[in-house]
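The next block holds one structure in the form of structure tokens; read it before the comments.
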Amino acid sequence: MNRMLFNNKGFLMLRSQNHFLFLLLIFVQKYFIIILFLVVPICAIAQSNLPTLDELSFDIKYCGGAVYKHTNKVNFDPPPFSQEVEFSVTHRTYGKRAWERYNNCPAPSINFCFSQYGDMLGNAISIYPGIEWAVIQKNNFAWRAKVGGGIGVASERWTREDTLNNYLGSRINNFTVLQTGFNYALTPKIEIQAGGRMSHISNGAFRLPNFGINLFSAFVGVNYYPLGIQKKVYERPPKPANRTYNIGLRSSVAWGEENFPDGPLSRIYTQTIYVATPFKRNHLFFAGADIARNNKARSGYSYNMIDKNLAWAATATSIFVGVELRYGKVGIPFQAGIFTKKLLNQDAIWYQKFGFQYYFYNREHYFLKKLYAGPMLKSNKINADYIEFCLGAMF
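In my numbering, the protein residues as written are 1283 to 1677.
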């Protein structure tokens, strides 16, 4: 039976099998600032020059597949078929700007995705920035890869009234996409595409349960270029005269729920120091060390009356290596680390991080060279630990 609720902010929420209107209202009224924040990378990648109409394409794709049950801890099997429809506005780069030529013309995009997981798993609306690369480009044919991440609002989540659905513990979640496929230009304005992708939605253990939904699907789609596909200009970046090294500092904070749903939130602080050196002009190799103070773990030790130095037991240290792909003012870091000191009773020996960073200060000839901010997702294998919000500097 449909239920109608009227909240104290004065808009009507319809709860039925189709939650599209309900989710749209949440996006517009509650999360407008977050949506604007996600649009920033598109403008930042284009530096101070916004893309013109001849550099844009409007893309739509249909994805069909199945949710992968990656753990037996979820209470029910997902449906045999799930689907997504995605609309994208893509900045097709052709070498007009230096950063485009030096990076073989990647294509940044802003993407809107509607996911229909099934009756019990519900639906989700997501918005995320993405970057697409051409693995192979020859005449009218291209093999491309795409990665992106943003936020997704889910219609269904765990509640105490219904403990069966334990896939997601919150409405607001991280939404990540990994995609690869083939494109073929039928006409100067129409390009068809087909391939495979994986989309992941979870909240990074901010609210429990947090097993997440992993949808593996095949897709078909059409890209429309209003003024036609342009010819690309490539240019190799000049080799630097001398290799440079920079010191980086990064401070991060995350929130995690205690080991039971609706529990208190505890902060997790991480301090990072690293050394970075460029490759291919703007991209970075980096290596360093993390030290994390996990108050969520400390609260658990205290609750279980563990007789140890709790501050030290809830501290973890690690060393890591990584690479950061930089496009204009946006960086996409990938980091893999090994623990040198683990939390008490911790099993994992390694971890990885992935995120987006926006460089709002760049002064290469000053002592303080860069300032940046952005989110990073820390995980072990396919299990998310938490989403941390970072502020960093390079010297």
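All residues carry an ideal CB built from backbone N, CA and C; glycine is no exception.
Source: prediction; values computed, not measured.
Min CB distance residue i to chain C below 9 Å
i	result
Leu1592	The chain labelled as chain C is not found in the depicted structure, where only one protein chain is given.
Spatial neighbours of residue i in its chain, beta-carbon cut-off 6 Å, leaving aside the 5 residues before and after
i	result
Glu1414	Ala1389, Arg1426, Lys1428
Gln1617	Phe1602, Gly1604, Lys1635
Thr1458	Gly1431, His1482
Arg1608	Asn1564, His1565
Rounded separation between residue i and residue j - CA only
i	j	result
Val1349	Arg1479	12 Å
Val1435	Ser1408	6 Å
Gly1637	Gln1512	31 Å
Cys1395	Ala1406	8 Å
Asn1456	Asn1665	13 Å
Leu1460	Ala1500	12 Å
Pro1657	Gly1538	15 Å
Gly1613	Met1587	43 Å
Lys1578	Ser1364	35 Å
Leu1566	Arg1532	15 Å
Ser1584	Asp1667	20 Å
Arg1442	Ser1397	24 Å
Leu1338	Lys1378	13 Å
Gly1400	Leu1625	38 Å
Ala1593	Asp1336	57 Å
Thr1622	Asn1662	15 Å
Phe1488	Ser1534	15 Å
Glu1606	Pro1546	34 Å
Leu1659	Asp1589	32 Å
Ala1536	Thr1462	31 Å
Sub-9 Å separation of residue i and residue j beta-carbons
i	j	result
Gly1430	Gly1451	no
Lys1525	Thr1559	Before going further, note that residue 1525 is Arg rather than Lys in the sequence given. A contact, by the Cβ cut-off of 9 Å.
Asn1627	Thr1597	no
Glu1473	Asn1465	yes
Val1557	Asn1591	no
Ala1476	Asn1422	no
Asp1572	Ile1601	yes
Phe1642	Tyr1654	yes
Tyr1376	Glu1517	no
Gly1503	Pro1470	no
Tyr1344	Val1371	no
Ile1495	Pro1360	yes
Own chain, CB closer than 7 Å to residue i, minus 5 neighbours either side, in chain order
i	result
Pro1362	Ala1348
Ile1324	Note that Ile1324 has pLDDT 46, beneath the 50 cutoff, so the model's placement of it is unreliable and the number below is only indicative. Once the five neighbours on either side are set aside, the close Cβ partners of Ile1324 are His1373, Pro1390, Ile1392, Pro1411.
His1647	none
Phe1649	Phe1677
Residue i, enclosing beta strand (DSSP E) - first and last residue
i	result
Glu1382	That residue, Glu1382, is in no beta strand (DSSP E); its alpha helix (DSSP H) goes 1380-1384.
Asn1662	1652-1662
Ala1436	1423-1436
Tyr1466	1454-1467
Lys1343	1338-1350
Gly1619	1612-1623
Asn1496	1495-1506
Asn1393	1389-1400
Option nearest residue i by Cα separation, candidates the options
i	options	result
Ala1574	Gly1582, Ala1595, Phe1561, Lys1590	Ala1595
Lys1562	Ala1579, Asn1386, Glu1337	Asn1386
Ser1391	Thr1599, Phe1498, Asn1505, Pro1470	Asn1505
Arg1453	Leu1566, Arg1580, Leu1403	Leu1403
Tyr1551	Glu1670, Lys1343, Tyr1399	Glu1670
Asn1564	Arg1549, Pro1615, Lys1514, Arg1580	Pro1615
Ala1416	Lys1514, Cys1672, Lys1351	Lys1514
Ser1581	Arg1608, Glu1606, Leu1335, Arg1549	Arg1549
Phe1340	Gly1346, Phe1369, Pro1333, Lys1351	Phe1369
Tyr1689	Lys1351, Phe1649, Cys1672, Gly1346	Because the chain spans 1283 through 1677 in this model, residue 1689 falls outside it and cannot be assessed.
Phe1498	Ala1536, Thr1599, Lys1351	Lys1351
Ile1342	Thr1599, Phe1649, Tyr1507, Ala1536	Tyr1507
Start and end residues, alpha helix (DSSP H) containing residue i
i	result
Leu1592	1592-1595
Cβ neighbours of residue i in the same chain (closer than 8 Å, five flanking residues each side left out)
i	result
Asn1448	Lys1355, Val1356, Asn1357, Trp1440, Pro1491, Phe1493
Thr1353	Phe1493
Gly1530	Thr1554, Ile1555, Tyr1556, Val1557, Ala1558, Phe1568, Gly1570, Gly1674, Ala1675, Met1676, Phe1677
Arg1645	Lys1651, Lys1652
Ile1418	Ala1424, Trp1425
Leu1446	Asn1357, Phe1358, Met1402
Ile1631	Ile1620, Phe1621, Lys1624
Thr1599	Ala1571, Asp1572, Ile1573, Ala1574, Phe1621, Thr1622, Lys1623
Residue i: CB within 8 Å of a non-hydrogen atom of the ligand ZN
i	result
Asn1496	Looking at this structure, you won't find the ligand ZN or any other ligand, since it has none at all.
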